[in-house]
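S.K.: In our numbering, the protein residues as written are 30 to 427.
All residues carry an ideal CB built from backbone N, CA and C; glycine is no exception.
1. How about the segment 67-74 and the segment 119-133: do they share at least three Cβ pairs that are nearer than 8 Å?
2. List the DSSP bridge partners of residue 299.
3. Within the continuous alpha helix (DSSP H) that includes residue 384, where are the two ends?
4. Quick one: measure Cβ to Cβ for residue 167 and residue 198, integer angstroms, because I've assumed they're closer than 8 Å.
5. Given a cut-off of 7 Å, decide if residue 264 and residue 241 are closer than it, judged by their beta-carbon atoms.
6. Please classify residue 254 as buried or exposed, where buried requires at least 16 neighbouring CB atoms within 10 angstroms.
7. Looking only at its chain, what residues have a beta carbon closer than 7 Å to the beta carbon of residue 243, apart from the 5 residues adjacent to it on each side?
8. Ignore the nearest five residues each way along the sequence and tell me which others in residue 333's own chain have a CB closer than 6 Å to its CB.
9. Identify whether residue 34 lies in helix, strand or coil by the three-state DSSP scheme.
10. Rounded to a whole number of angstroms, what is the C-alpha to C-alpha distance between residue 86 and residue 55?
11. By the three-class DSSP mapping on this structure, what secondary structure does residue 213 have?
12. What three-state label does DSSP hand residue 16 in the structure shown?
13. Reducing DSSP to helix, strand and coil, say where residue 99 ends up.
14. Quick one: using the 10 Å Cβ neighbour count with 16 as the cut-off for buried, is residue 81 buried or exposed?
15. For residue 226, write down the residues that DSSP places opposite it in a beta bridge.
16. Counting along the chain, where does the alpha helix (DSSP H) carrying residue 114 start and finish?
17. In whole angstroms, give me the CA-to-CA distance for residue 238 and residue 211.
18. At what residue ranges does the segment 140-196 contain a whole run of the beta strand (DSSP E), taking only runs of 3 or more?
19. Hey, would you say residue 151 sits closer than 7 Å to residue 185, going by beta carbons?
20. Are any of the Cβ atoms in chain D nearer than 7 Å to that of residue 248?
21. Just to confirm the assignment, what range does the alpha helix (DSSP H) spanning residue 368 have?
22. Anyone know if the C-beta pair for residue 351 and residue 383 falls short of 7 Å?
23. Thinking residue 284 and residue 310 are a contact (beta carbons under 8 Å), I'd like their distance in whole angstroms, please.
24. Around the Cβ of residue 272, are there at least 16 other Cβ atoms within 10 angstroms (buried) or fewer (exposed)?
25. Since residue 201 and residue 157 are thought to touch, with beta carbons under 8 Å apart, how far apart are those beta carbons, to the nearest angstrom?
26. Would you please state the rounded distance, in angstroms, between the beta carbons of residue 222 and residue 245? I believe it to be under 8 Å.
Okay, structure coming up:
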C-alpha cells in the first residue's frame, strides 16, 4: 500500500481484518490519522510497520495495540514530540525505530522508553546540540545508530555511553567539519565500533579519531572535500582492522601514497579527480578483491601498477577517459570482472595480447564495455575478431 494515496487521509477501523501479514508498508500514503482499531487482527503478528513520509503530527495511539511490533518507521512526518504513554507501551517490543523531519527542533526525550532499542535512525532535525543523556534508556542495547540531514555541530558526547555500538553513520550533516569529531566519545566506543560512515559531511581532513577504533572494519568518507590524504593519516589506520575503505567523490587528485600498507579487501576511489595510476600507486595489497576507479578522468594506467595484488577479482574503470586496456591487468591472476563501460576503447589488433592473456589465465573473465571504433562489445571483439588478427597465434598451433 506504500506510495498510494488514501483519499480520506485516514486508516479506517478493521481495514486489515483477515490478513495474515507481518510487514506493512504505508509510506507516502498521505495519511494523517489512524483509527484506534485499524490494526484489528494484526495485534500479535505485525512486526514491521512503515509510516514514512505521511502527514502525522502525533504518534498514532493505535500503535499500542501492536503487541509484537519490532520495527517502526515514522520518519518524514511533522511529529515534533512523541507521547510518553505511547512510547512507553511500545517500548517493550520495538528494537528498531526511525524518525525525523526538517521541522523537528528538539530531541524527543520520550525515546528513553524504548529500552529494547537496537537500531535508531534519525532522518532530519534542526537541533544543534544534543544532551549527554541523549541515549538514556537504551545505552546497553543500541548497536546501530544512523543520523542524517541534521544540523549538529559535533558528535553527541552521549556516544560514550553506548556500550555495544557497532555501526555509526553520521551522513549529510552540515555544518559538520573536522572539529565535530570530538575524540572522547570515540575513545569510549573504540572496542565495539566496526562500521563508521561520515558520508557527505563537511570534512576536509582524514579523521584522526580512527586511531582509537581498534576493531573498525569499514570506513566511508564519500562526498567530503578531502582533496589530499597524507601518508601520516593513512598510517594511523594501521591500528584498526579496516577492510573496506570508501573515498568516493572526495576531490582526490592522486591515490593516497600509503594505502598499500592497509589490509584492504574493498577500496573505492570512484568519482574523484585522479588522472593517472602510477607504478607505485596500488601494489602489494594481497587482501584486495575489489577496486573501483570509475568516474575519474583517468587517461593513463602504468603497466607496472597493480603488482602483487594477487587476489584482486573485480576492477571497475567505468566512465573514465581511458582509450586502451592497460597491460597492468596482466598482473592480476585472480581477475574475474573488468568494467570498462562508458569509455571510448579503441578495438583493434593491438588487443591481441589481451586475448592471449585470457587464454593463458585459463579462467573466464567478464569484460564489460563497448568498442569505440566498431559497433561491438569488447568481450565479443576479443572472442570473434581478434582470432582473425595476423598477430594472433592460436593455442596448440591450430
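M.R.: Let's see:
1. Using a Cβ-Cβ distance cut-off of 8 Å, the segment 67-74 and the segment 119-133 are not in contact, since fewer than three pairs of beta carbons, one from each stretch, lie closer than that value.
2. Residue 299 pairs with nothing; no bridge assigned.
3. Looking at the DSSP string, the run of the alpha helix (DSSP H) that includes residue 384 is 381-390.
4. Not quite, the Cβ-Cβ distance comes to about 17 Å (not below 8 Å), so this is no contact.
5. Taking 7 Å as the Cβ cut-off, residue 241 and residue 264 do not qualify as a contacting pair.
6. Residue 254 should be labelled exposed.
7. Excluding residues within five positions, the ones whose Cβ falls inside 7 Å are 219, 220, 268 and 269.
8. Excluding positions up to five away in sequence, the list reads 308.
9. Model confidence at residue 34 stands at a pLDDT of 42, short of 50, so the residue's coordinates are unreliable and nothing is read from them.
10. Separation of residue 86 and residue 55 (C-alpha to C-alpha, rounded to the nearest whole angstrom) is 16 Å.
11. Reduced to three states, the DSSP call for residue 213 is helix.
12. The question about residue 16 has no answer here: the residues shown for the chain are numbered 30 through 427.
13. Coil, per DSSP.
14. Here residue 81 is buried, its C-beta having at least 16 other C-beta atoms within 10 Å.
15. BP columns for residue 226 point to 198 and 249.
16. Counting along the chain, residue 114 sits inside the alpha helix (DSSP H) bounded by residues 113-119.
17. Residue 238 and residue 211 have their C-alpha atoms some 8 Å from each other.
18. Listed in chain order, they are 148-152 and 173-177.
19. Cβ atoms of residue 151 and residue 185: not closer than 7 Å.
20. In the structure shown, chain D does not exist; there is a single protein chain.
21. Not the alpha helix (DSSP H): residue 368 falls in the beta strand (DSSP E), residues 366-368.
22. Not a contact, by the Cβ cut-off of 7 Å.
23. Contact flag correct, Cβ pair sits at about 4 Å.
24. Burial call: buried.
25. For a cut-off of 8 Å, the C-beta gap from residue 201 to residue 157 is around 16 Å, too long to register as a contact.
26. Here residue 222 really is in contact with residue 245; their C-beta atoms are around 6 Å apart, less than 8 Å.
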